[in-house]
Amino acid sequence: MLLIVSIILLSILALLPDADVDHDAGYTASELSIRETVDGSVISTSHVNPDGVITDAIDMGYATVCRMQDDDGRVVEERYLDANGYPVARYENFHGLSYEYDETSTVITYLDVEGNPIIRSDGYSTIVRTQVDGRAYDDFFYDLNGQQVQCSGGYYGLRRGYNAEGQNISLAFLDKDGRAVCTLSGYAIMTYQRDMNGTVVGKQYFDTDGNPVRSSLGKYGEFYQRNEQGYTGQITYLDADGNPAPTNAGYTILKCTYHRDGTTDTDMYFDANGNPKALSKRQYGIKRSGRANILLDRNGNVMPCVDNLLNGFPCMVVVLGCVVCLLMIALPKSLSVVRTVVYIAFILYEN
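Counted the way mature numbering (1 follows the signal peptide of the UniProt record, and there is no 0) counts, the sequence shown spans residues -19 to -1, 1 to 332.
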């Protein structure tokens, strides 16, 4: 009995919600000044507050970036530090980058806190980037052993295309031999539409032959509207002719709000006419809270539902499991059919 209780308590502790992170506290990079210092071959670029104190930029994830240069002035390594001078991980993943150069390419390797190569969550450790006319052209991905590796998106590399102004206007996903290949997202080529300022305002998807194709979400393209901070405040999903069309999930327009550090706060769903759209669990949107997605009603308020209880407090899965086990023991066998039906209905609802 003591062992069972211990397992239950440990399970609950393991599934407790993450401690709240205040994504709005602190300075953003645009609110800080830049101070550069040189120490031999190392150039340190720091964000400083109005009092001249080195300060974390919450939207960048670090306070200082230190870049080591070679004799030709090329960056060969960069590391990220917090306001106290301690190493910090970017995107909760890598602590630094190293660069190696030859006449036509650059080798970029992701590093851990001790400066050793690591495998990123995308599945690769190193990018070999080919340069053409001074522009990044091809990227190919490699593992810790220097072997070509397929990244989590289902491709081995990518190729950029440029317009006459030098703007990146396309991205082709490649197999290990450099041929266009369909990714797990359902397309092989992605093109960008830019406005007069060069800002990306749309995307379209194509297959290996250059024909319009639906992505796995059910869209042929996207049109963006940006907020004052430059974040994508609204995405309108498009059909093959560039007209608004619903995704597989049923919504046509996605409106997003953000925290000051740039992380997404809420997503709300709408139809082509801008009316709120309910999805499969009657939610009109979600609020991101740590690793959990909290379902929202049409007014943007938290929905009172089982999903939010389980998403917000995963430990309740263990509690409910214990309750079900106790009920199975306590209830008479004559109610077993009812119990089974309720259990199956709950499983179907959650899926």
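Yeah, the Cβ is synthetic: ideal placement off N, Cα and C, and Gly gets one too.
Residue range of the unbroken beta strand (DSSP E) whose run includes G142:
If you number the sequence shown from 1, residue 142 lands on position 161. The continuous beta strand (DSSP E) containing G142 extends over residues G138 to Y143.
Along the chain, where does the beta strand (DSSP E) containing T213 start, and where does it finish?
Taking the sequence shown and counting its residues from 1, the one referred to as residue 213 is at position 232. Element bounds for T213: T213 to L219.
Could you spell out where the beta strand (DSSP E) holding Q50 opens and where it closes?
Residue mapping note: residue 50 aligns to position 69 of the sequence shown, counting from 1. Segment T45 to Q50, the beta strand (DSSP E) holding Q50.
Grouping DSSP H, G and I as helix and E and B as strand, with all else coil, what is G287?
Position 306 of the sequence shown, counted from the start, is the residue given in the question as residue 287. For the record, residue 287 in the displayed sequence is Val; it is not Gly. Residue state, collapsed to three classes: helix.
Keeping to the same chain, check which residues put their C-beta closer than 6 Å to that of I24; ignore five residues upstream and five downstream.
As a working note, residue 24 is residue 43 in the sequence shown. R48.
Identify, in the order they occur along the chain, each residue of the same chain with its Cβ nearer than 6 Å to the Cβ of H240, setting aside the five sequence neighbours on each side.
Position 259 of the sequence shown holds residue 240. Closer than 6 Å at the Cβ level, and outside the excluded window around H240, lie H4, D5 and D246.
Cross-strand partners of P257 (DSSP beta bridge):
Taking the sequence shown and counting its residues from 1, the one referred to as residue 257 is at position 276. Paired residues: F251.
In terms of residue numbering, what span does the beta strand (DSSP E) encompassing Q206 cover?
Residue numbering aside, residue 206 sits at position 225 when the sequence shown is read from its first letter. For Q206, the enclosing beta strand (DSSP E) starts and ends at G202 to R207.
Between Y72, D32, I35 and S166, which lies nearest to G42 when the distance is taken from Cα to Cα?
Translated into positions along the sequence shown, residue 42 becomes position 61. Minimum Cα distance to G42 is reached at Y72.
Comparing C-alpha positions only, which one of F251, Q215 and S106 sits nearest to Y205?
Counting from one through the sequence shown, the residue named residue 205 turns up at place 224. It is Q215.
Compare the beta carbon distance of V194 and G223 with 8 Å and say whether it is the shorter of the two.
For the purposes of this step, residue 194 is taken as residue 213 along the sequence shown, with counting starting at 1. For the purposes of this step, residue 223 is taken as residue 242 along the sequence shown, with counting starting at 1. In this structure, G223 does not lie closer than 8 Å to V194 by Cβ.
What whole-angstrom Cβ distance do F251 and K236 have, given they're in contact under 8 Å?
Here residue 251 refers to the residue found at position 270 of the sequence shown. Here residue 236 refers to the residue found at position 255 of the sequence shown. Going by Cβ atoms, the distance from F251 to K236 rounds to 7 Å, so yes, they are a contact pair.
In this structure, does DSSP put A10 in helix, strand or coil?
One-based indexing of the sequence shown puts residue 10 at position 29. Reduced to three states, the DSSP call for A10 is helix.
Can you give the Cα-Cα distance for I(-16) and I15, rounded to whole angstroms?
One-based indexing of the sequence shown puts residue -16 at position 4. One-based indexing of the sequence shown puts residue 15 at position 34. Because the pLDDT at I(-16) is just 46, under 50, the model does not fix this residue reliably, and the point stays unresolved.
Using CA atoms only, rank isn't needed, just tell me which of T36, D53 and D52 is closest to T45.
Start at 1 with the first residue of the sequence shown, and residue 45 comes out as number 64. Residue T36 is the option with its Cα nearest to T45.
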